[in-house]
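Note that the protein sequences, when read in sequence, are chains A and B. When you number the first sequence by our numbering, it's gap-free, plus one each residue, and the end is 417. When you number the second sequence by our numbering, it's gap-free, plus one each residue, and the end is 834. For glycine and all other residues, C-beta sits at the position ideal for the given N, C-alpha and C. One structure is given below, encoded as structure tokens.
Protein chains: 2
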Amino acid sequence: MPPLEFFRLQTRQEVLALYERFPAVGAEQIELAAACGRITAAAITAPEAVPGFLRATMDGYAVRAQDTFGASVGAPQYLEVKGEVPMGAAPERGAGPGETLRVATGAMLPDGTDAVVMLEYTAEHPDGTLEVRRAVAPGENVLAPGEDVAPGEVILPAGRRLRPQEIGLLAALGLTAVMVYRKPRVAVLSSGDEIVPLEGRPRPGQVRDSNAYLAAAQVAEWGGLPRMDGIVPDDFAALRAALAAAMDAADLILVSGGSSVGVRDLTLTAIQDLPGAEILVHGVALRPGKPTIMASLGPTPPKPLMGLPGHPASAAVVMEVLGRPLLTQLCGLTDPASWGRTVTARLSRNLAGATGREDYVRVRLRREDEVIWADPVLGPSGLLSPLVKSDGLVMIPLGVEGLFRGEEVAVQLFQWS
Amino acid sequence: MPPLEFFRLQTRQEVLALYERFPAVGAEQIELAAACGRITAAAITAPEAVPGFLRATMDGYAVRAQDTFGASVGAPQYLEVKGEVPMGAAPERGAGPGETLRVATGAMLPDGTDAVVMLEYTAEHPDGTLEVRRAVAPGENVLAPGEDVAPGEVILPAGRRLRPQEIGLLAALGLTAVMVYRKPRVAVLSSGDEIVPLEGRPRPGQVRDSNAYLAAAQVAEWGGLPRMDGIVPDDFAALRAALAAAMDAADLILVSGGSSVGVRDLTLTAIQDLPGAEILVHGVALRPGKPTIMASLGPTPPKPLMGLPGHPASAAVVMEVLGRPLLTQLCGLTDPASWGRTVTARLSRNLAGATGREDYVRVRLRREDEVIWADPVLGPSGLLSPLVKSDGLVMIPLGVEGLFRGEEVAVQLFQWS
């Protein structure tokens, strides 16, 4: 590899293009009741038909549609009621021409019938005669076997996130367990002699390990399984040992903190000393987020490592812009639904871009009359509170000098905003 | 209460207005690492300042800004380097006029200094003289104590959902535990003699308990704790006993299935027999979803019960439109962020509305060039697969005859779509 000084800043697109070398994690079988939000690891085929039988969708009378043809209030047709279909069981008999049986919504239709006349268009006389005041077409007010799902039909492809309705469909098919990708295990390490645990009061010069908590929460929200590996001192041997342990135990390693040039260099040296290590990225053309590191570790398949900038807002933005797509890749999600991930808004003030870098500005959204405004929330990237006040990010593209007040922008929303 | 026949269909707004009688569930203290996505049960005040000390945001030299005034490449200022501030510790000494100390990003500034000159605008000579080639203003490249958060500042109100950045800020403040509303316990009961468990193959006339799985998954996605109470036979005593047990154990009771008029009447009778029961809603002006029941149970505080329609699409829509806001209320979320919950799209075909009812049409979203199209996914509400093919719902308001092809509509997105 070239000496590190020769690395140039890489663009977002260049970094994202590197991700295809990292395969999705393995699969596991889980219970259906716990599967919502998880990603299918294989296509799912319907083992049987839904519904499994001709089913009434209304309360009324099961009929041969042709027996009702021409029926109206003025000229009703008359049928003979031959009993009732019990719920949850097969009808005890079929219906011949001119015959009918009472059915409730969800009941199975008797042999010989093909439609249901709704209760309100009938009158049952004491002698067992049914007056039908409206004609029905074959198939009216019923569901045919396999109308929802036919046996053998591929109902879901691999790589799809299961939503509540998918869970419902799998339940209807009796699939009590489902193969999904396991959640990627993500090790979160903090480096930096100034970083201390949350407990107790930091001494002067010390700060709490907040970036690790922020990154771990992002990982969990985006479908990963964070693993807090704690704080590693600024020492080559300690850092190398911690990274090696994380590499064995996790699918993705995030190194948080270490904001000074010295610590970043130490981290880089420790990474390069790991088996199969390849530094892929050393600096990205993002603002904030420039001092980001990406590496590939170990033998086949390679595992990704991401070194996050030390400033909290920089780390959070790099996680949104580069970390989230990486996690999506590891999760096996092939077609990430993106509806609702951005909101179109009007910028409430001019914004200057960053020369040579894609610029991410935190914004708060505000609805005024019919217009959604994006108010930039400014502040150094060392602060957390502007992130707390923001709903998402506006990106000023590379090579664009700035955005103007009143311009329409796409706001990339933070989760739960 | 009036005889049930006198109940008229209630509008969505009328139903939503009933929810304020149901208070949020109680609070619990949980560990910060598990708190993302949860709702604050009390306002949170900063116990200390962040940062806790004057902190460098760049690698360079801590200076008194006034010592650098007028410095430029052509006319540098010269300072005396008095050592280096170690990371994670207080500086061993202060700096007098004309003095400076080396600092890394994140280090504490020595007494007497108020800014940092970035490394690249300096040259340190072997004799310990620092050449400063650019002036800095007081406060430049530093964070002041309390600049992120001042002690005593209210950083979060009650009723706010914690996102990753909130977790980061609470971590920076050393708040290792946080008071949140507990997740509402939601009992999901199924009624109907035709409903059978998922396991095994249903006999003719039987269907699996899929609606309960769909509703439970929605509850979990929206922040509740579903509790599958199983299938209750169509029998007054059994249904009453199951409802009474659910009422004791849960904060919200969902009764799923029971699609026929007879079963609905039985459910209603069993509900009315419960202590403190009051039927609030018996039929809503929604399509699908008309046969929805809402009741208030028990003494103070009352607990809500919702009887869902039997058709899967009807139940899913009622859960989206009426169930989700009820759960939000019980969760204690006072200001539910709604950015990204809807997408503006163009309707790809004409849609006729339902007379006297608010009509919810399932749609699939499709991007074509720069336009987002909403394609209606039609099909009887007895089917699950149209829900699986859809990304959200388009609502045709009460009193509107229909929507036209090409019209802009707000699509209410399903979770994860």
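Contact belief for residue i with residue j at Cβ below 8 Å, rounded distance in angstroms
i: B/Ala441; j: B/Tyr538; result: Actually they do not touch by this definition, with Cβ atoms about 55 Å apart.
i: B/Pro562; j: B/Pro468; result: 6 Å
i: B/Arg577; j: B/Thr457; result: 5 Å
i: A/His311; j: A/Ser381; result: 4 Å
i: A/Gly60; j: A/Met118; result: 5 Å
i: A/Gly174; j: B/Leu615; result: 5 Å
i: B/Pro755; j: B/Arg822; result: Per the sequence presented here, residue 755 of chain B reads as Ser, with Pro not at that position. Incorrect: roughly 27 Å between the Cβ atoms, too far for contact.
i: B/Ala411; j: B/Ala567; result: The structure shown does not extend to residue 411 of chain B, since chain B spans only 418 to 834, so no value can be given for it.
i: A/Leu101; j: A/Gly88; result: With 8 Å as the limit, A/Leu101 and A/Gly88 do not qualify as a contact, their Cβ atoms being about 15 Å apart.
i: B/Asp651; j: B/Val680; result: 5 Å
i: A/Leu130; j: A/Tyr78; result: 7 Å
i: B/Ala575; j: B/Ala459; result: 5 Å
i: A/Leu9; j: A/Ala285; result: 4 Å
Amino acids of chain A, ordered along the chain, whose beta-carbon sits closer than 8 Å to that of residue i
i: B/Thr593; result: Leu198 and Glu199
i: B/Met645; result: Ala33
i: B/Met525; result: Pro204 and Gly205
i: B/Val788; result: Within 8 Å Cβ-Cβ: nothing; B/Val788 doesn't reach chain A, min ~13 Å.
For residue i, the nearest candidate out of the options (CA to CA)
i: A/Tyr360; options: A/Phe414, A/Thr328 and A/Arg366; result: A/Phe414
i: B/Ala827; options: B/Ala762, B/Gly770 and B/Asp528; result: B/Ala762
i: B/Pro581; options: A/Arg341, A/Leu9, A/Ala315 and A/Thr342; result: A/Ala315
i: A/Asp375; options: A/Arg12, A/Ser381, A/Met118 and A/Leu403; result: A/Leu403
i: B/Glu611; options: B/Glu825, B/Arg551, B/Val738 and B/Gly674; result: B/Gly674
i: B/Leu739; options: B/Asp651, B/Ala632 and B/Leu768; result: B/Ala632
i: A/Pro76; options: A/Asn211, A/Leu32 and A/Val136; result: A/Val136
i: A/Lys183; options: A/Gly83, A/Asp127, A/Gly152 and A/Leu252; result: A/Leu252
i: B/Glu516; options: B/Gly505, B/Ala524, B/Gly523 and B/Asp531; result: B/Asp531
i: A/Arg357; options: A/Pro336, A/Ile372 and A/Glu401; result: A/Glu401
i: A/Gly224; options: A/Val142, A/Tyr19 and A/Arg38; result: A/Arg38
i: A/Glu221; options: A/Leu9, A/Trp416 and A/Thr11; result: A/Trp416
i: B/Pro692; options: B/Ala702, B/Thr684 and B/Leu714; result: B/Leu714
i: A/Asp273; options: A/Leu239, A/Ala90 and A/Pro301; result: A/Leu239
i: A/Ala277; options: A/Pro301, A/Gly289, A/Glu80 and A/Leu398; result: A/Pro301
i: A/Cys36; options: A/Thr328, A/Ala171, A/Gly152 and A/Thr267; result: A/Ala171
i: A/Gly432; options: B/Pro527, B/Val559 and B/Glu570; result: No answer is possible for residue 432 of chain A: it lies beyond the span of chain A, which begins at 1 and ends at 417.
i: A/Val343; options: A/Gly94, A/Arg364 and A/Val63; result: A/Arg364
i: A/Ala104; options: B/Gln746, B/Gly622 and B/Pro543; result: B/Gly622
Listed by chain order, chain A residues near residue i by CB distance under 7 Å
i: B/Gly469; result: Pro202
i: B/Asp565; result: Leu383, Leu384 and Ser385
i: B/Arg455; result: Neighbours of B/Arg455 on chain A: none; closest Cβ ~10 Å, over 7 Å.
i: B/Leu782; result: Trp339
i: B/Gln635; result: Pro164
Identity of the residues DSSP links to residue i by a beta bridge
i: B/Thr772; result: DSSP lists no partner for B/Thr772.
i: B/Pro721; result: B/Ser713
i: B/Thr457; result: B/Val597
i: A/Glu84; result: A/Arg102
i: A/Asp235; result: A/Asp235 pairs with nothing; no bridge assigned.
i: A/Tyr360; result: A/Met395
i: B/Trp756; result: Paired residues: none, contrary to the question.
i: B/Glu445; result: B/Val597
i: B/Ile789; result: B/Arg784
i: B/Arg763; result: B/Trp790 and B/Glu825
i: B/Val701; result: B/Gln427
Interface residues of chain A facing residue i [CB-CB closer than 9 Å]
i: B/Thr474; result: Ser259, His311, Pro380, Ser381 and Gly382
i: B/Pro638; result: Per the sequence presented here, residue 638 of chain B reads as Glu, with Pro not at that position. Cys36, Gly37, Arg163 and Pro164, listed in chain order.
i: B/Val826; result: The contacting residues do not exist; B/Val826 stays about 14 Å from chain A at best.
i: B/Val738; result: Under the 9 Å cutoff, chain A gives no residues; its nearest Cβ is about 14 Å from B/Val738.
Chain-ordered chain B contacts of residue i [CB-CB under 8 Å]
i: A/Gly340; result: Gly757, Arg758, Thr759, Val760, Leu830 and Ser834
i: A/Asp391; result: Ala754 and Trp756
i: A/Val361; result: The contacting residues do not exist; A/Val361 stays about 15 Å from chain B at best.
Neighbour list for residue i in chain B, Cβ cutoff strictly below 9 Å
i: A/Thr269; result: What A/Thr269 touches in chain B: nothing, since even the nearest Cβ is about 17 Å away.
i: A/Ala316; result: Pro581, Gln582 and Gly585
i: A/Val63; result: By Cβ distance, chain B contributes nothing, its closest Cβ being about 18 Å from A/Val63, past 9 Å.
Proximal residues of chain B, C-beta to C-beta of residue i below 7 Å
i: A/Val377; result: Going along chain B, no residue has its Cβ under 7 Å from A/Val377, so there is no contact; the nearest lies around 11 Å.
- Task: Note down, in chain order, all residues in the region 620-633 of chain B with a beta-carbon under 9 Å from any beta-carbon belonging to chain A.
- Result: Correct list: Arg620, Pro621, Gly622, Gln623, Val624, Arg625, Asp626, Ser627, Asn628, Ala629, Tyr630, Leu631, Ala632 and Ala633.
- Query: When you check each C-beta in the region 578-612 of chain B against every C-beta of chain A, which residues fall closer than 9 Å?
  - Reply: Within the region 578-612 of chain B, the residues whose Cβ lies closer than 9 Å to some Cβ of chain A are Arg578, Leu579, Arg580, Pro581, Gln582, Glu583, Ile584, Gly585, Leu586, Leu587, Ala588, Ala589, Leu590, Gly591, Leu592, Thr593, Gly609, Asp610, Glu611 and Ile612, listed in chain order.
- Message: Under 7 Å, CB to CB, which of the residues in the region 498-518 of chain B have a partner in chain A?
- Response: Taking 7 Å as the Cβ-Cβ cut-off against chain A, the residues of the region 498-518 of chain B that qualify are Met504, Gly505, Ala506 and Ala507.
- Item | Members of the region 110-144 of chain A near chain B, C-beta cut-off 7 Å | Of all residues in the region 110-144 of chain A, Leu143 have a Cβ within less than 7 Å of some Cβ in chain B.
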